[in-house]
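K.L.:
Next up is a structure, given as structure tokens.
Shown next as structure tokens:
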């Protein structure tokens with residue numbers, strides 16, 4: 443049994459929840475296979491700037507202006523964390539997986555047309571991890 447993900451884990455509004463869900467989907471010895479970049483679809487929206495904070499002594503709050511400016515956004519955009527591969531690797535191991543194969547920086551075309559001058563290339567990671575047995 444396996445769960446295979448292609449260009450998927452960076453779509454998570456909460457990556458730890460994705461990893462825990464994948465872990466629970468697998469039987470002991472099952473494989474988690476992942477291929478893709480870390481583009482983070484939930485990033486770049488609702489960026490918090492220094493002027494967006496209200497400071498009153500030792501108390502720091504998010505300003506009403508910031509809240510109003512971003513009220514249209516799904517709350518997950520405002521709470522997303524962009525993890526490094528090193529942090530993701532650590533989470534995968536701590537979820538109960540053993541990493542069997544890990545290849546980094548694999549150049550991969552995405553929505554590219556060989557006849558066009560426009561090509562998008564991501565540096566992807568390939569991972570195969572096994573759910574540890576008890």
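In the numbering used here, the protein residues as written are 443 to 576. For every residue, glycine included, the Cβ atom is placed at its ideal position computed from N, Cα and C. Everything numeric in this text was worked out from a predicted model, so none of it was measured.
#1: Hey, which unbroken runs of the alpha helix (DSSP H) at 4 residues or more fall wholly within the stretch 498-548?
#2: Assuming residue 482 contacts residue 537 (C-beta within less than 8 Å), just tell me the rounded distance between them.
#3: Report the CB separation of residue 571 from residue 540 in whole angstroms; it is logged as a contact under 8 Å.
#4: Is it a yes or a no for the stretch 521-537 touching the stretch 456-474, going by three-plus beta-carbon pairs under 8 Å?
#5: Let's see if you can read the secondary structure: which residues bound the beta strand (DSSP E) around residue 457?
#6: Please classify residue 454 as buried or exposed, where buried requires at least 16 other C-beta atoms within 10 Å of its C-beta.
#7: Using the DSSP secondary-structure output, state which residues sit across from residue 572 in a beta bridge.
#8: Decide if residue 573 is buried, meaning its Cβ has at least 16 other Cβ atoms within 10 Å, or exposed.
#9: Taking residue 469 as the reference, give the member of 443, 512, 561 and 493 with the closest Cα.
#10: Between which two residues does the beta strand (DSSP E) harbouring residue 454 extend?
#11: My guess is that residue 543 and residue 569 are in contact by the Cβ rule of under 8 Å, so how many angstroms apart are they, rounded?
P.N.:
From the atom records:
#1: Within the stretch 498-548, the complete alpha helix (DSSP H) runs of at least 4 residues are 506-511, 517-521 and 527-537.
#2: About 19 Å; that fails the 8 Å criterion.
#3: So it is a contact: roughly 6 Å between Cβ atoms.
#4: Yes, they touch.
#5: Element bounds for residue 457: not the beta strand (DSSP E) but the alpha helix (DSSP H), 457-467.
#6: Per the 10 Å Cβ criterion, buried.
#7: Beta-bridge pairing links residue 572 to 473 and 540.
#8: Residue 573 is buried by the Cβ-count criterion.
#9: Minimum Cα-Cα distance from residue 469 among the listed residues 443, 512, 561 and 493 corresponds to 443.
#10: For residue 454, there is no enclosing beta strand (DSSP E), as DSSP marks it with neither H nor E.
#11: Confirmed, Cβ separation roughly 7 Å.
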